[in-house]
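Residue numbers (the working numbering): 1258 to 1565.
For glycine and all other residues, C-beta sits at the position ideal for the given N, C-alpha and C.
Notes follow once the structure below has been shown.
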Amino acid sequence: MSQPQTTKRGQVVAGALAPHPPHLIYAEGPKQNEPKGECGWEVLRWGYEDLRRRITPDDYDVMIVHSPHWKTVTGTHLLACPEFKGLSVDPIFPNLFRFSYDLQVDCDVAKAIHAKATEAQLSTQLMENPDFRVDYGTIISCHLLNPAWDKPIVALSSHQAHHTFSNEVGESLMMKLGAATREAVEESGKRALVVGSCSMSHRHFTTEAEVPEDMSNEHIYNHNQYLWDMHMIDLLRQGKNREALQTVPDFIDGAISEFKDGSFTWMMAAMGVPNTPATLHAYGSVIGTGNLVASWKLSQSSPQGGRE
Ligand SMILES: [Fe+2]
């Protein structure tokens, strides 16, 4: 008699808030990027180093990233070809970011998320054009989290619900998308790192210094957005993640936050909104924007539901 088959259950093992200013890649100077700076934004770059020591590629099978810079008008799109290769140029900072990428996609997980999201009545599509140009938000966060690029990724676009309808509508869709992502990962049998690729406060300077990495020009843009960032960070460091989610709509308006594209809320929902306090690796400004590098390592016993 044949033994009943047991299916290994997958898990979202960790989350990372991984902002994507191209300045960090420029300052780091990896071989894939043409422009190379001399230095700059060290606190954030060392924060990423610290995060990479805490969450290594041995900890996960796939990195799933939601990016504000792959903008789709309606619904969420997912990369779904095994490989994407090309040159990514930042449209605002072509002087800092011209990056040759060659990345692998876990198409099984991408298709599973697509299926679960469709089941939840969310509009989704698979991007099956191998010549599609991958956005710089996805590339920068993935590079800073795993410069060896030796693990496959899944990339999700951000749609316009926050902008077209309201922050509240956008947030509720991101909660559903995160839950669908989590279900897909659990059924896949794989271990996933979920990544919110975004800055916090997002007002920024409108002129660039002659030497971009001249740190005598770098500082917080205004006190109001700094206070908003500190309030949100205070919630996250205490593990008050549900309260943080409830604050997001006001935070978006108060700090003109890049959370408006949904990456943070999707990530929190994909983690199941744990009570786990954030591990803070760094906070710093880039052209005046507020950037937090943070991580959450989850265990099977991580309590769900958050504290009110
Ligand atoms: Fe951005």
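Whole-Å CB distance - residue i paired with residue j, under 8 Å assumed
{"i": "residue 1287", "j": "residue 1361", "result": "That pair is no contact at about 18 Å."}
{"i": "residue 1470", "j": "residue 1294", "result": "4 Å"}
{"i": "residue 1446", "j": "residue 1266", "result": "7 Å"}
{"i": "residue 1512", "j": "residue 1476", "result": "Between residue 1476 and residue 1512 the Cβ distance is about 16 Å, and since that is not below 8 Å, they are no contact."}
{"i": "residue 1543", "j": "residue 1280", "result": "5 Å"}
{"i": "residue 1416", "j": "residue 1330", "result": "7 Å"}
{"i": "residue 1539", "j": "residue 1494", "result": "Residue 1539 to residue 1494, Cβ: 13 Å. No contact."}
Contacting residues, own chain, Cβ-Cβ under 8 Å from residue i (five flanking each side not counted)
{"i": "residue 1372", "result": "1441"}
{"i": "residue 1428", "result": "1419, 1502, 1505, 1506, 1519 and 1522"}
{"i": "residue 1402", "result": "1273, 1275, 1305, 1308, 1309, 1312, 1320, 1450 and 1452"}
{"i": "residue 1385", "result": "1337 and 1338"}
Contacts around residue i, its chain only, beta-carbon distance under 6 Å, and the 5 residues preceding and following it disregarded
{"i": "residue 1509", "result": "1424, 1516 and 1517"}
{"i": "residue 1456", "result": "1276, 1515, 1546 and 1548"}
{"i": "residue 1377", "result": "1433 and 1437"}
{"i": "residue 1413", "result": "1323, 1333 and 1335"}
{"i": "residue 1359", "result": "1342"}
{"i": "residue 1556", "result": "none"}
{"i": "residue 1260", "result": "With a pLDDT of only 49 at residue 1260, under 50, the local geometry of the prediction cannot be trusted, and the value read off the model is given with reservation. Counting only Cβ-Cβ distances below 6 Å, and skipping sequence neighbours, we find nothing."}
{"i": "residue 1394", "result": "1277, 1324, 1325, 1326 and 1454"}
{"i": "residue 1390", "result": "1343"}
DSSP beta-bridge partners of residue i
{"i": "residue 1268", "result": "1448"}
{"i": "residue 1512", "result": "Residue 1512 is not bridged to any residue."}
{"i": "residue 1525", "result": "Paired residue(s): none; residue 1525 is not in a bridge."}
{"i": "residue 1543", "result": "1546"}
{"i": "residue 1553", "result": "1272"}
{"i": "residue 1359", "result": "1342"}
{"i": "residue 1321", "result": "1411 and 1451"}
{"i": "residue 1335", "result": "1383 and 1413"}
{"i": "residue 1536", "result": "1552"}
{"i": "residue 1328", "result": "1415"}
Residues near residue i by beta carbon distance below 7 Å, same chain, minus five either side
{"i": "residue 1285", "result": "1302"}
{"i": "residue 1404", "result": "1287"}
{"i": "residue 1375", "result": "1381"}
Residue i beta carbon near ligand 3 (any heavy atom closer than 7 Å)
{"i": "residue 1384", "result": "Looking for ligand 3 in the displayed structure turns up nothing; the ligands present are ligand 1."}
Taking 7 Å as the limit, tell me which residues put their C-beta closer than that to any heavy atom of ligand 1, in chain order. 1277, 1325, 1326, 1394, 1455, 1456 and 1515
If you scan the region 1366-1417 from start to end, which runs of the alpha helix (DSSP H) of 4 or more residues do you find wholly inside it? 1393-1402
Residue ranges of each beta strand (DSSP E) within the region 1457-1523, 3 or longer: none
Minimum length 3: unbroken beta strand (DSSP E) runs contained in the region 1273-1313: none
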